[in-house]
């Protein structure tokens, strides 16, 4: 299923598919989860991280500043046309869909809501699948609703890797549960082990095994 504003999988102008890209989705409880995930990541992480966190569109976001104090990575709000850089966390602004293009640039749109939300994790993941195929790792963290589950399907169809946070460490298990039930999750991990899986994936450069146990070494 194609969502409004999604990247055409056949369009690969200025292909930059050698770049590994990590997409992360979170909603309710996401601030703590993102802070916990990002805190141990090394500043020389060889991949950019692109994040959709559902936020109140009526207020400016303070998320970049808060997360920036919790990690050695550079955290910033994404800007239209900006290029991806390894070791940088790009956050979707409130009320804007965030898409990643095949030439490793970002697009912000205000197209219609997807599953009642904007930004949409499904749109982000679908754009990553189309643009970076097997070089994509998608992670669904705590949150209500089902945003992200359909986007993971696109990631898996293109050979990418997927992780969902487990129920025990999720403040709200709706989003991870929807992704798991849809059948497109390689690993279900507690929050404190997702960081290890992320680092291992960037070093390995190949898809994760499909299981719910330890990441491959």
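Numbering (our numbering), first residue to last: 944 to 1160.
Positions of the beta carbon are idealized from the N, C-alpha and C atoms, including for glycine.
Apart from the five residues on each side of it in sequence, which residues of its chain come closer than 6 Å, Cβ to Cβ, to residue i?
i, result
"residue 997", "970, 1060"
"residue 1004", "998, 1037"
"residue 1101", "1072, 1076"
"residue 1019", "1007"
"residue 1119", "1083, 1107, 1108, 1113"
"residue 1125", "1092"
"residue 968", "995, 1064, 1083, 1091"
"residue 1048", "1024, 1026"
Determine whether the Cβ of residue i lies closer than 9 Å to any Cβ atom of chain B.
i, result
"residue 1035", "In the displayed structure, chain B is absent; only one protein chain is listed."
Can you give the Cα-Cα distance for residue i and residue j, rounded to whole angstroms?
i, j, result
"residue 1032", "residue 1140", "17 Å"
"residue 1092", "residue 994", "15 Å"
"residue 1099", "residue 990", "19 Å"
"residue 1097", "residue 966", "13 Å"
"residue 1127", "residue 1117", "15 Å"
"residue 1115", "residue 962", "32 Å"
"residue 1089", "residue 1057", "11 Å"
"residue 951", "residue 1147", "Unreliable positioning characterises residue 951 in this predicted model, as indicated by a pLDDT of 35, which lies under 50. A coordinate reading is not provided."
"residue 1043", "residue 1050", "6 Å"
"residue 1022", "residue 1105", "26 Å"
"residue 1055", "residue 1138", "33 Å"
"residue 944", "residue 976", "With a pLDDT of only 35 at residue 944, under the threshold of 50, the placement of this residue in the model should not be trusted, and no figure is reported."
For residue i, which residues of its own chain have a beta-carbon under 8 Å away from its beta-carbon, when the five flanking residues on both sides are left out?
i, result
"residue 1103", "1071, 1072, 1075, 1076, 1077, 1078, 1079, 1080, 1081, 1150"
"residue 1016", "981, 984, 986, 988, 992, 1030, 1031, 1032"
"residue 973", "996, 997, 1084, 1085, 1086"
"residue 1135", "979, 1112"
"residue 1053", "1038, 1039, 1040, 1061"
"residue 1142", "984, 985, 988"
Could you please give me the residues that DSSP links to residue i through a beta bridge?
i, result
"residue 1055", "Residue 1055 is not bridged to any residue."
"residue 1082", "967, 1106"
"residue 1131", "1107"
"residue 1145", "Partner(s): none; residue 1145 has no beta bridge."
"residue 1049", "1043"
Given residue i, which residues of its chain have a CB within under 7 Å of its CB, disregarding the five upstream and five downstream residues?
i, result
"residue 909", "This structure cannot settle anything about residue 909, because the visible part of the chain is limited to 944 through 1160."
"residue 1145", "963, 988, 989, 990"
"residue 1122", "1083, 1091, 1092, 1095, 1107, 1128"
"residue 1062", "995, 1035, 1039, 1040, 1041"
"residue 1009", "974"
"residue 1011", "1018"
Is there at least one non-hydrogen atom of the ligand FMN closer than 8 Å to the beta-carbon of residue i?
i, result
"residue 962", "For the ligand FMN, the structure offers nothing, since it holds no ligand at all."
Would you check if the region 1013 to 1030 and the region 1061 to 1072 touch, i.e. whether three or more CB-CB distances between them fall below 8 Å?
-> no
Evaluate the contact criterion for the region 1126 to 1133 versus the region 1093 to 1111: three or more CB pairs, one atom per stretch, below 8 Å.
-> Contact holds: three or more Cβ-Cβ distances are below 8 Å.
Mind pulling the alpha helix (DSSP H) runs of 4 or more residues that sit fully within the region 976 to 1036?
-> 1006 to 1011
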